[in-house]
Amino acid sequence: MIMNKIAVLTSGGDAPGMNAAIRAVVRATVYHKKRIMGVQYGYQGLIDDQIVELNARSVKNIINRGGTFLKSYRSKDFMEKEGRQKAFETLKKHKIDGLVVIGGDGSLTGADIFEKEFGFPCIGIPGTIDNDIYGTHYALGFDTAVNTVIDAIDKIRDTASSHSRLFFIEVMGRDAGFIALYSGIAGGAEAILIPEMLNEEEKLLKKLKMSKARKKTSNLVVVAEGDQSGGAYELARRVGNRLPGYEIKVTILGHIQRGGSPTYFDRVLGSRMGVEAAEALLAGKSNVMVGIKNNKMIHTPLEKTIKLNPEMNRELLRIAEICSI
Ligand code: F6P
């Protein structure tokens, strides 16, 4: 199939670096003398026909901005066949031949179902601060989010050590502990609790009990929101009951982790993934997600990226353990 006009959208939770990817998709398409459309509000914009034509200048001054210039949405309508039918009709109406979807697990699932249902060519770009996508070592936004978290952890450390307090810091990661693990190591956490590791609470209590004897002046525990402990407040309450000698505080970092100017890493990654996705789609490739492994761009079938989970690097858990003695 010859691709004359393609579209790009961002879907699900926004992530810093999405703008760099949109910009690269747009400019690569224009570079290859094809037309490019921007869909606003993710899949919902396909259903509601919120589509605008873009050119190289439409994406000026966005590489440095967090969020997504095309807006994003978690579309419930697109989960229904009826919604997807409407989306397909909108694409036909605008004579669009292919679609680049930038988003996380749910968004890539949508692209896979859509392509299979209507035979409509789709290519995915992984964009989620959670980094929980199979087929890439890094998803857009992860690096920026971790940097945001360690900036916060550094600040919390100042006050924690001044008062000799124990802090529980909850970071994002609905089903995965990547942000917690990387920021925990980089922020010098005493302990890191992630959904991939079960039954860690007794170990944590043991560690905290020994902490005074080890002359630690502050204790920072990083907890992924999806951890089985039930969140930082719940965990803090249980630990407080068992270790009354500690003055305990809780900080939930929340949505600040999703915003902010992207790091150089996310800007370069977004640019690489955007060019790769546009060129692959224009060359007739589809139903894959572009990703990066060992600094090389790779393609993975969408179906695989959805069904498989990325592996947590066990060596990093060992590093965290050793460095927190
Ligand atoms: O995009 C991923 C994520 O930030 C998760 O870490 C978090 O659980 C979720 O999105 C929050 O989603 P929302 O912004 O819709 O509340």
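So the sequence shown is numbered by the numbering used here: it starts at 199 and just counts up by one.
Quick reminder that beta carbons are idealized off the backbone N, C-alpha and C, glycines included.
Can you tell me whether residue i sits near the ligand F6P, meaning its C-beta is under 7 Å from at least one heavy atom of the ligand?
| i | result |
| --- | --- |
| E574 | The structure shown does not extend to residue 574, since the chain is modelled only from 199 to 523, so the question has no answer here. |
| G482 | no |
| G304 | no |
| H230 | no |
| M277 | no |
| G210 | yes |
| M216 | no |
| M510 | no |
| R372 | yes |
Return the CA-CA distance between residue i and residue j, expressed in angstroms with no decimal places.
| i | j | result |
| --- | --- | --- |
| P319 | L297 | 6 Å |
| R465 | K258 | 14 Å |
| I260 | G211 | 18 Å |
| R436 | I367 | 15 Å |
| K203 | K291 | 12 Å |
| T404 | A411 | The sequence shown places Lys at residue 404, rather than the Thr named in the question. Whole-angstrom Cα-Cα distance: 12 Å. |
| S588 | F340 | Past the edges of the chain, shown from 199 to 523, lies residue 588, and the structure says nothing about it. |
| I383 | C521 | 8 Å |
Using the beta-carbon count (16 or more within 10 Å), is residue i buried or exposed?
| i | result |
| --- | --- |
| S305 | buried |
| G482 | exposed |
| L506 | exposed |
| R512 | exposed |
| N493 | exposed |
| Q283 | exposed |
| A478 | buried |
| G371 | buried |
| M235 | buried |
| N262 | exposed |
| E519 | exposed |
| N329 | buried |
| M197 | In the structure displayed, the chain extends from 199 to 523; residue 197 sits before or after that span and is not available. |
| R221 | buried |
Would the C-beta of residue i count as close to the ligand ADP, meaning under 7 Å from any of its heavy atoms?
| i | result |
| --- | --- |
| D328 | As presented, the structure is devoid of the ligand ADP, carrying the ligand F6P as its sole ligands. |
Starting from residue i, follow its DSSP beta bridges and name the residues at the other end.
| i | result |
| --- | --- |
| T498 | M487 |
| A337 | Answer by DSSP bridge pairing: none, since A337 is not bridged. |
query: Between the stretch 330-343 and the stretch 483-499, do three or more beta carbon pairs fall short of 8 Å?
result: Taking a cut-off of 8 Å for Cβ pairs, the stretch 330-343 and the stretch 483-499 touch, as three or more such pairs fall below it.
- prompt: Contact between the stretch 206-221 and the stretch 241-256: three or more CB pairs below 8 Å?
  reply: In this structure the stretch 206-221 lies against the stretch 241-256, because at least three pairs of beta carbons, one per stretch, are closer than 8 Å.
- prompt: Should the stretch 263-271 be called in touch with the stretch 230-241, which here means at least 3 C-beta pairs below 8 Å?
  reply: A contact exists between the stretch 263-271 and the stretch 230-241.
- request: Decide yes or no for the touch test of the stretch 354-365 against the stretch 455-470: beta carbon pairs closer than 8 Å, at least 3 of them.
  value: Contact between the stretch 354-365 and the stretch 455-470 is absent, because fewer than three Cβ pairs lie under 8 Å.
- prompt: Looking at C-beta atoms only, is the number of pairs between the stretch 385-400 and the stretch 425-441 that lie closer than 8 Å three or more?
  reply: Touching, per the Cβ criterion.
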